[in-house]
Amino acid sequence: MSQRNAFSEMPLPLFESDEAPAVPVADGGALPSYIKDHRKRLRARFLEGGAQAMPDYELLELVLFRAIPRRDVKPLARALLDQFGDFNGVLSAPPERLSQVPGVAEAVICELKVIEAAAHRLSRARVMQRQVISSWDALLDYCHTTMAHRETEQFRVFYLDRKNVLIADEEQAKGTVDHVPVYPREVVKRALHLNASALILVHNHPSGDPTPSEADIAMTAQVATAAEALGLALHDHIIIGKSCELSFRAEGYI
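The numbers in full-length UniProt numbering rise by one with no breaks, and the one at position 122 of the sequence shown is 122.
(1) I want to know whether the segment 149-168 touches the segment 198-218 - three or more CB-CB distances under 8 Å.
(2) With 16 as the cutoff for other CB atoms within 10 Å, does R70 come out buried or exposed?
(3) If distances are taken between C-alpha atoms only, which option among A125, G231 and L47 comes closest to A138?
(4) In its own chain, which residues sit with a C-beta less than 6 Å from the C-beta of A168, not counting the 5 before and 5 after it?
(5) Are the CB atoms of P95 and I115 nearer to each other than 8 Å?
(6) Take the Cβ of M1 as the centre, count every other Cβ of all protein chains shown within 10 Å, and call the residue buried at 16 or more, exposed below.
(7) Could you give the uninterrupted runs of the alpha helix (DSSP H) lying entirely in the UniProt domain "MPN" (132-254), keeping only those of 4 residues or more?
(8) My assumption, with CB atoms under 8 Å, is that V73 sits in contact with L112. Please give the rounded CB distance.
(9) For R66, tell me which candidate among Q83, E48, R43 and L98 has the shortest Cα-Cα distance.
(10) State the start and end residues of the unbroken alpha helix (DSSP H) segment that holds Q83.
(11) For Q83, I'd like the list of residues in its chain whose CB is within less than 7 Å of its CB, leaving aside the five on either flank, ordered along the chain.
(12) Assuming F248 and T225 form a contact by the criterion Cβ under 8 Å, report the distance between their Cβ atoms to the nearest whole angstrom.
(13) Compute the beta-carbon to beta-carbon distance between V132 and L166, rounded to the nearest angstrom, for a pair I have assumed lies under 8 Å.
(14) Given that a residue counts as buried once 16 or more other Cβ atoms are within 10 Å of its Cβ, and exposed if not, what is T211?
(15) Would DSSP call V101 helix, strand or coil?
(16) Go ahead and pull the three-state DSSP assignment for G50.
Following this line, the structure appears as structure tokens:
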């Protein structure tokens with residue numbers, strides 16, 4: 001039996017009872033009691049202590065339980081972490097790369113992408129229609145959640161009203177591993193369309209190093225000039241790295 005086929009993927013009920021009798025699996029076997037006990041212990045620890053009480057591989061196991069209800073998923077959880085680094089890296093990995101890991105098929109990919117989408121929506125909800133000054137940490141968390149583990153560059157613009165309330169979060173462009181095309185005229189044109197008064201630029205560096213390039217600095221200056229000509233304020237340009245970020249304003253570039 002191949003390693004890929006070792007992970008059986010079957011339709012999953014809403015809840016899987018740990019106390020239910022062993023259920024036959026595709027190869028005619030039954031769910032071993034040690035797997036049922038392990039899953040029960042992990043769920044109990046999660047409910048009692050939350051995610052903080054669990055290392056990445058155990059949290060990932062909890063996610064995989066639903067996609068692969070009748071197999072030991074610990075080997076797959078460790079294989080995914082070996083390949084993508086950490087929990088966030090696994091969730092953010094492109095489906096085509098996930099599918100290259102033995103044992104990962106459509107059900108696993110779907111489960112991971114649902115969790116990723118839920119995380120994005122939750123972090124976005126914490127910043128939309130809120131004053132940026134009072135929710136700056138939440139804004140940075142949102143940027144890291146959505147952009148830190150991308151394998152290509154993405155350029156986003158946050159548009160703010162006169163009270164610095166975030167009224168729009170829009171992706172302006174996608175690029176390669178080290179470049180993303182940005183058109184300052186389109187950025188400020190969109191601001192006028194939204195009746196925005198200020199904007200914050202954000203993009204990621206897939207290398208993990210948030211140090212700005214000469215092109216980043218030049219593009220920011222062009223946007224600042226275009227914005228100023230139309231009475232718009234450029235509050236900041238944030239570059240998101242793997243584990244940290246760089247603020248153009250804090251570093252004196254703006």
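The beta-carbon is built from N, C-alpha and C at its ideal position, and this holds for glycine as well.
Let's see:
(1) Yes: at least three Cβ pairs fall under 8 Å.
(2) buried
(3) A125
(4) Y159 and L194
(5) no
(6) Bear in mind that the predicted position of M1 carries a pLDDT of just 44, short of 50, making it unreliable; the figure below should be weighed with that in mind. Exposed, by the Cβ-count rule.
(7) Qualifying alpha helix (DSSP H) stretches, in chain order: 136-147, 184-193 and 214-229.
(8) No, V73 and L112 are not in contact; Cβ-Cβ is about 12 Å, not under 8 Å.
(9) R43
(10) K74 to F84
(11) Its chain contains V101 as the residues whose beta carbon lies nearer than 7 Å to that of Q83, once the 5 sequence neighbours on both sides are disregarded; these appear in chain order.
(12) With 8 Å as the limit, F248 and T225 do not qualify as a contact, their Cβ atoms being about 14 Å apart.
(13) 6 Å
(14) Counting the other Cβ atoms within 10 Å of the Cβ of T211 gives fewer than 16, which makes it exposed.
(15) coil
(16) Looking at G50 - three-state DSSP - the assignment turns out to be coil, as it is neither helix nor strand.
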